[in-house]
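Participant:
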Amino acid sequence: MLSASWLPLLVLLALQARADFRADVKLVRVDAEVSEDARLIDGLTQEDFRVRDGGKARAIVYFGHAEEPLDVILVFDTSASMLPAIERVADVSRAALGQLRPGDRVAVMAFDADTDLITDFTSDVDRVQAVIQNDVLRRTLIPNSQIQPAARDAARHFLRQPRTNRRRAVVIITDNNGSSRDDRALPTFWEADAVLSGLIVPGMAVRRRVLFLPVWLPVNGIAGITEIAEKSGGDALKVGDPGGAFRQMIQRLRRRYSLHYEMPQAKPGEERTIKVELSSGARRRYPGAKIRARRCYVVPEQDNPHAASPGQ
65 MLSASWLPLL VLLALQARAD FRADVKLVRV DAEVSEDARL IDGLTQEDFR
115 VRDGGKARAI VYFGHAEEPL DVILVFDTSA SMLPAIERVA DVSRAALGQL
165 RPGDRVAVMA FDADTDLITD FTSDVDRVQA VIQNDVLRRT LIPNSQIQPA
215 ARDAARHFLR QPRTNRRRAV VIITDNNGSS RDDRALPTFW EADAVLSGLI
265 VPGMAVRRRV LFLPVWLPVN GIAGITEIAE KSGGDALKVG DPGGAFRQMI
315 QRLRRRYSLH YEMPQAKPGE ERTIKVELSS GARRRYPGAK IRARRCYVVP
365 EQDNPHAASP GQ
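Numbering of the sequence shown is given in this note's numbering, commencing with residue 65 and proceeding in unit increments.
(1) From which residue to which residue does the alpha helix (DSSP H) around H221 run?
(2) Return the residue from the list F310, T252 and I150 that minimises the CA-CA distance to N198.
(3) Can you give the beta carbon distance from V156 to L263, rounded, assuming they're within the 8 Å contact cut?
(4) N368 to M313, Cα distance in whole Å?
(5) Taking the alpha-carbon positions, what's the R122 to R348 distance?
(6) With 16 other CB atoms within 10 Å as the buried threshold, where does L91 fall?
(7) Bridge partners for K339 per DSSP, in chain order?
(8) Could you check if D95 is buried or exposed, using at least 16 other CB atoms within 10 Å of its CB as the buried criterion?
(9) What is the DSSP secondary structure of V303, counted as helix, strand or coil?
(10) Would the beta-carbon of G297 fall within 8 Å of that of A357?
(11) If you draw a straight line from the C-alpha of E291 to the C-alpha of A160, how long is it?
(12) Where A130 and R230 are concerned, what is the direct C-alpha to C-alpha distance, given to the nearest angstrom?
(13) Please work out which residues of its chain come closer than 8 Å, Cβ to Cβ, to A309, disregarding the five sequence neighbours upstream and downstream, and give them in chain order.
(14) With DSSP collapsed to three states, give me the class of I196.
(15) Using 10 angstroms around the beta-carbon of E97, count the other beta-carbons present and answer buried if the total reaches 16, otherwise exposed.
(16) Helix, strand or coil for R348 per DSSP?
(17) Please state whether DSSP places M146 in a helix, a strand or coil.
(18) Give me the Cβ distance between F253 and Q210, rounded to the nearest whole Å; I'm assuming they're in contact under 8 Å.
(19) If you draw a straight line from the alpha carbon of K295 to that of V189, how long is it in whole angstroms?
(20) Just tell me which of N240, Q315, A171 and E335 has its CA closest to the CA of S187.
(21) DSSP has R103 in a bridge; who is on the other side?
(22) Indicate whether R93 and K339 have their beta-carbon atoms separated by less than 8 Å.
(23) May I ask you to report which of helix, strand or coil DSSP gives L230?
(24) In angstroms with no decimal places, state the Cα-to-Cα distance between E365 and F140.
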């Protein structure tokens, strides 16, 4: 089996074989997970998928279902409400590093009122484990959790990286008790072609008074990550076994289908919707199938060296 590092070349060769191929073609890549009754569906083909961009059908010009190397940013919530979950966070870190394979890279960030990059992308598992134990789990816990801004900071870090064939994921370990909404977090994930996944562990019960209302409401859900995760193509799991949930999450990221289609004419910076569906034949075979994929992308700037064609 060819290494996943050959994928961009194979995509280019497949396009060049077409009589109507243009040298300036840009591709949109969308990774899709297909499941039924919580079980992943393997063995689907290009003919089993349909893609719409801005509501209009687009032909899939390249299709793949090979495992590709991962770039994962682990983002740890170190606010005070996470105090009861510190040991579970340590379990997650061990599970995370145990899932790395040759070619995978991981970066580590931590947040409370601010977001800090603890260590940049590396394949050095021992180094990552050391910074988690020494720099993350020993941080002073303060009572402020800016979860959506932290998610956006992680996505922005991906925007500073060169575009490759690596699958990009941000995994946040949190109790989902956020205190600030960031309306640009989700579009930043679309622009970075990254998935947000959340491992929600039980933390300390925190409640805040909603401005101008004489009631107290739980923070969870007001500025959490559930919506961002869903619309970026990921999910947010409430877990009792963070280690097992993380292993499952990484396996699902690896086993996604990759669909590439030609980007329609659009203005740089424009947000365009994506909808991935199964063909009628595939739907008959799997009537209960569910597809998880990002719902939008941002047209890259022409002069941005890190904004290569999304399929590259």
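We treat Cβ as the ideally placed atom computed from N, Cα and C, and that holds for glycine.
Facilitator: In brief:
(1) The residue labelled residue 221 in the question sits at position 157 within the sequence shown. Element bounds for H221: I211 to L223.
(2) Taking the first residue of the sequence shown as position 1, residue 198 is located at position 134. Ranking F310, T252 and I150 by Cα distance to N198 puts I150 first.
(3) Numbered from its first residue, the sequence shown carries residue 156 at position 92. Numbered from its first residue, the sequence shown carries residue 263 at position 199. At roughly 6 Å, the Cβ-Cβ gap stays under 8 Å, so V156 and L263 are in contact.
(4) Sequence index remark: in the sequence shown, residue 368 carries index 304 (1-based). Sequence index remark: in the sequence shown, residue 313 carries index 249 (1-based). Its pLDDT being 49, under 50, N368 is placed unreliably in this model, and the coordinates cannot settle the point.
(5) The sequence position of residue 122 within the sequence shown is 58, counting from 1. The sequence position of residue 348 within the sequence shown is 284, counting from 1. If I take the Cα positions, the gap works out to 22 Å.
(6) By one-based count along the sequence shown, residue 91 stands at place 27. Classification of L91: buried, given that the 10 Å Cβ count is 16 or more.
(7) Taking the first residue of the sequence shown as position 1, residue 339 is located at position 275. DSSP output for K339 lists R116 as bridge partner(s).
(8) Locating residue 95 in the sequence shown gives position 31, counting from the first residue. Its Cβ being crowded by 16 or more others within 10 Å, D95 is buried.
(9) Counted from its first residue, the sequence shown places residue 303 at position 239. Coil, per DSSP.
(10) As a working note, residue 297 is residue 233 in the sequence shown. As a working note, residue 357 is residue 293 in the sequence shown. In contact: G297 and A357 (Cβ atoms closer than 8 Å).
(11) The residue given as residue 291 occupies position 227 in the sequence shown. The residue given as residue 160 occupies position 96 in the sequence shown. Each residue's alpha carbon lies about 23 Å from the other.
(12) Working through the sequence shown from its first residue, we reach residue 130 at position 66. Working through the sequence shown from its first residue, we reach residue 230 at position 166. Their backbone Cα atoms lie some 12 Å apart in a straight line.
(13) The residue given as residue 309 occupies position 245 in the sequence shown. Result list for A309: L263, L301 and V303, in chain order.
(14) The sequence position of residue 196 within the sequence shown is 132, counting from 1. In the structure shown, I196 sits in a helix (DSSP, three-state: H, G or I).
(15) Residue numbering aside, residue 97 sits at position 33 when the sequence shown is read from its first letter. E97 is buried by the Cβ-count criterion.
(16) Translated into the one-based positions of the sequence shown, residue 348 becomes position 284. Helix at R348.
(17) If you number the sequence shown from 1, residue 146 lands on position 82. In the structure shown, M146 sits in a helix (DSSP, three-state: H, G or I).
(18) Residue mapping note: residue 253 aligns to position 189 of the sequence shown, counting from 1. Residue mapping note: residue 210 aligns to position 146 of the sequence shown, counting from 1. Not really, about 16 Å apart at Cβ, beyond 8 Å.
(19) Reading the sequence shown from its first residue, position 231 is the one you call residue 295. Reading the sequence shown from its first residue, position 125 is the one you call residue 189. Whole-angstrom Cα-Cα distance: 30 Å.
(20) Translated into the one-based positions of the sequence shown, residue 187 becomes position 123. Closest option to S187, Cα to Cα, is A171.
(21) The residue given as residue 103 occupies position 39 in the sequence shown. In DSSP, R103 forms a bridge with E100.
(22) Taking the sequence shown and counting its residues from 1, the one referred to as residue 93 is at position 29. Taking the sequence shown and counting its residues from 1, the one referred to as residue 339 is at position 275. Not in contact: R93 and K339 (Cβ atoms no closer than 8 Å).
(23) To locate residue 230, count along the sequence shown from 1; it is residue 166. Note that residue 230 is Arg in the sequence shown, not Leu. Coil at R230, not helix or strand.
(24) Counting from 1 along the sequence shown, the entry for residue 365 is found at position 301. Counting from 1 along the sequence shown, the entry for residue 140 is found at position 76. Cα-Cα distance, rounded: 31 Å.
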